[in-house]
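Some notes on the structure that comes next.
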Amino acid sequence: MDIITVETQPIAGQKPGTSGLRKKTRTFMEPHFLENFVQSIWTGIGGVAGKTLVLGGDGRYFSDRAAQVILRMAAASGAARIIVGQNALLSTPAASHLIRKHGTDGGVILSASHNPGGPDGDFGVKFNTPNGGPAAENVTSKIHAASEKITTYRIMEAQDIDLATLGTKSLGRTEIEVVDPVADYAELMEEIFDFDAIAALFAGGFRMRFDAMHAVTGPYAHAILETRLGAAPGTVVNGTPSPDFGGGHPDPNPIWAKDLMDAMHGADAPDFGAASDGDGDRNMIVGRNCYVTPSDSVAVLAANATLAPRYAGGLKGVARSMPTSRALDRVALRLECNAYETPTGWKFFGNLLDAGRATLCGEESAGTGSDHVREKDGLWAVLFWLNILAARKIPVAELLEDHWRTYGRNYYSRHDYEGVDAETAAALIDDLRARLPDLPGQTVAGQEIEWADEFAYDDPVDGSRAEQQGLRLATRPGGRIVFRLSGTGTEGATIRVYLETEETDPAKLDRDPQEALAGIVAVADAVSGLSERTGRTAPDVIT
Ligand code: VG1
Ligand code: CO
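In numbering that gives the first Met the number 0, the protein residues as written are 0 to 542.
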């Protein structure tokens, strides 16, 4: 087969963000855009000749075309073998597992995660390193640098590879192995959790609703929850992956998973509800009449971890992203294990997991995971909750109340302002940054600012430093506010405001979070001038 070398020139903006390169689908479909970036990945990792890679994604619009291009480009550059999920489908955690299980040289994941798909939606490409995790800064910066110098790319001229049927095929001298996307992952879950106990829970009449949001977890949830664990047929809803996620927004939060929220409220609601995002790495947990915030969820998992077989020996340490609430720290204190605070983005957990310093990690954005893979893992979190509920035999609401009584409660919420003019958003952050040194001691909206800084992270494993990772303010009554700009959006800027207060008074543990946070919300607005600067009177999304 012919390998052709195509002349090209650098395309601006091919800089990976929080999690890979995300752009409008139409941008990815422009001539050379995808090809330039893929060739830049090959350059950034020192070539793919003789290497083995994993390839798959969340099945969004354009994934099928992109997968064929990537296979032809890998073959043209001499890759030895590519392991591809059937129909180019692989959830992000399943891809991470395959990379690790086969000891490959990494993998390419096609996804824009929770962002909508379709010709007018978003697309994304992410490279994961041999540890199974998203490439760290030292690799993504090489990829970006390559994209700024590219002059040619290589691609094989060939027919499409049949990705619908399992088995080994070839593209020139490159072996293409099409694998069942679910099997290895399901096997791993069975090793981690007490499947017998969970099956007994379902057999006892426990009812669950899992909303796959028309995204990649559908086949995984059907196979694991219904087929292996015996949950009633119909437990999994919206379980067939669709290229535009049924026209929806596959982001598992109370706004975008409103159907699930509605189904979980009321007298006849199921015992347990959960949802996952486009690529299957996020999770949302809901009990009957009881939403569990992601920051609480990871704290509950840590506190009850020894109930799951894989973690029966205890946790080596825990880690959370900086904006995630400090509920997890309270548990770590009690467990006497290390607690790490990292910048936003799963790539920052990689070194801690590889070095055996942390077992469990979590982000406030509905990401939870452990050292079983190197990505956050939606279904894993759901199974972990099921394992705990099967062991403790109490409803979710009671489990949470018990947790707060034991550890105290961190009221927490994130307010997102989306599609803000990029310059306005940057100016807001810059101005606030400049004022940070003067804030301590000042009283703003009735609360005294105790300290304020800009978060920077020194990786304790490789010594690398990440700067400008969010502005933080603490108030005297124990409140905390974090401001940062999203690194995954594709339109304008998204300002994220993370709000937290601490409560240990047993009489005040069951307040409405937005009400409990009203004071700190006022401080956030006054200190940043957000509503005045952006003209917004309310956030677009509250989680
Ligand atoms: C967001 C979340 C972050 C998460 C990232 C990728 O990033 O805040 O916690 O790791 O998305 O998740 P940002 O920069 O937009 O705040 V996913 O499920 O989109 O891969
Ligand atoms: Co995701």
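Cβ coordinates follow ideal geometry from the N, Cα and C atoms, glycine included.
Can you determine whether any heavy atom of the ligand CO sits closer than 8 Å to the C-beta of residue i, and answer yes or no?
i: His101; result: no
i: Arg59; result: no
i: Gly277; result: yes
i: Asp104; result: no
i: Ser485; result: no
i: Arg281; result: yes
i: Thr500; result: no
i: Ser140; result: no
i: Ser62; result: no
i: Ser296; result: no
i: Ser110; result: yes
Using only the alpha-carbon positions, how far apart do residue i and residue j sit?
i: Thr151; j: Lys22; result: 22 Å
i: Thr4; j: Ala182; result: 38 Å
i: Leu382; j: Thr103; result: 27 Å
i: Gly229; j: Ser275; result: 20 Å
i: Ser463; j: Asn350; result: 11 Å
i: Ala134; j: Pro118; result: 27 Å
i: Leu435; j: Ala451; result: 6 Å
i: His546; j: Ala390; result: Any question about residue 546 goes unanswered here, given that the chain covers just 0 to 542.
i: Pro322; j: Glu363; result: 7 Å
i: Pro240; j: Gly55; result: 13 Å
i: His31; j: Ala525; result: 46 Å
i: Phe61; j: Gln441; result: 52 Å
i: Glu499; j: Ala465; result: 24 Å
i: Val520; j: Ala307; result: 38 Å
i: Lys125; j: Pro15; result: 8 Å
i: Ala537; j: Val47; result: 48 Å
i: Ser320; j: Lys257; result: 26 Å
i: Thr234; j: Leu224; result: 8 Å
i: Asn252; j: Cys360; result: 19 Å
i: Asp376; j: Ser369; result: 8 Å
i: Gly45; j: Pro505; result: 57 Å
i: Ala301; j: Val330; result: 7 Å
i: Ala75; j: Asn35; result: 14 Å
i: Leu33; j: Leu20; result: 10 Å
i: Tyr184; j: Glu176; result: 17 Å
i: Pro394; j: Ser140; result: 47 Å
i: Pro439; j: Asn282; result: 37 Å
i: Trp379; j: Ala94; result: 14 Å
The alpha helix (DSSP H) that contains residue i, what's its start and end?
i: Ser551; result: Not covered by the structure: residue 551. The range shown for the chain is 0 to 542.
i: Tyr219; result: Thr216 to Ala220
i: Trp450; result: Premise fails: Trp450 lies in the beta strand (DSSP E), Gln446 to Glu453, not in any alpha helix (DSSP H).
i: Gly491; result: No alpha helix (DSSP H) contains Gly491, which DSSP labels as neither H nor E.
i: Thr17; result: Segment: none, Thr17 is in no alpha helix (DSSP H) and carries neither H nor E.
i: Val330; result: Ala326 to Leu334
i: Met0; result: Looking at the DSSP string, Met0 is not in any alpha helix (DSSP H), and its letter there is neither H nor E.
i: Leu351; result: Gly349 to Asp353
In terms of residues, what are the limits of the beta strand (DSSP E) holding residue i?
i: Gln158; result: Looking at the DSSP string, Gln158 is not in any beta strand (DSSP E), and its letter there is neither H nor E.
i: Tyr406; result: First-last for Tyr406: Val395 to Tyr406, but that is the alpha helix (DSSP H), not the beta strand (DSSP E).
i: Asn130; result: Taken as a continuous stretch (DSSP letters only), Asn130 belongs to no beta strand (DSSP E), as it is neither H nor E.
i: Leu431; result: Counting along the chain, Leu431 falls outside any beta strand (DSSP E), though it belongs to the alpha helix (DSSP H) covering Ala421 to Arg434.
i: Lys23; result: Leu20 to Lys23
i: Phe61; result: Per DSSP, Phe61 belongs to no beta strand (DSSP E) and is neither H nor E.
i: Thr139; result: Note, Thr139: premise wrong, no beta strand (DSSP E); alpha helix (DSSP H) at Glu136 to Ser146.
When every heavy atom of the ligand VG1 is checked, does at least one fall within less than 8 Å of the C-beta of residue i?
i: Asp261; result: no
i: His113; result: yes
i: Gly440; result: no
i: Gly344; result: yes
i: Lys257; result: no
i: Lys17; result: The displayed chain sequence assigns Thr, not Lys, to residue 17. Yes, since a heavy atom of the ligand VG1 falls inside the 8 Å radius drawn around the Cβ of Thr17.
i: Gly488; result: yes
i: Thr91; result: yes
i: Ser364; result: yes
i: Ser320; result: yes
i: Lys375; result: yes
i: Arg325; result: no
i: Arg495; result: yes
Compute the beta-carbon to beta-carbon distance between residue i and residue j, rounded to the nearest angstrom, for a pair I have assumed lies under 8 Å.
i: Arg356; j: Gly316; result: 5 Å
i: Gly277; j: Val215; result: 7 Å
i: Ile82; j: Val107; result: Not quite, the Cβ-Cβ distance comes to about 11 Å (not below 8 Å), so this is no contact.
i: Val236; j: Arg208; result: 6 Å
i: Arg333; j: Tyr406; result: 7 Å
i: Asn130; j: Arg475; result: So it is not a contact: roughly 42 Å between Cβ atoms.
i: Thr305; j: Ala311; result: 5 Å
i: Asp328; j: Glu417; result: That belief does not hold up - the Cβ atoms of Asp328 and Glu417 are roughly 29 Å apart, past 8 Å.
Closest Cβ-Cβ distance between residue i and chain D: below 9 Å?
i: His31; result: Reference to chain D is not applicable here, since this structure consists of a single protein chain.
*Quick check: the stretch 141–155 against the stretch 24–43, are there 3 or more CB pairs under 8 Å?*
Touching, per the Cβ criterion.
*Can we say the stretch 511–519 touches the stretch 393–406, given the rule of at least three CB pairs closer than 8 Å?*
no
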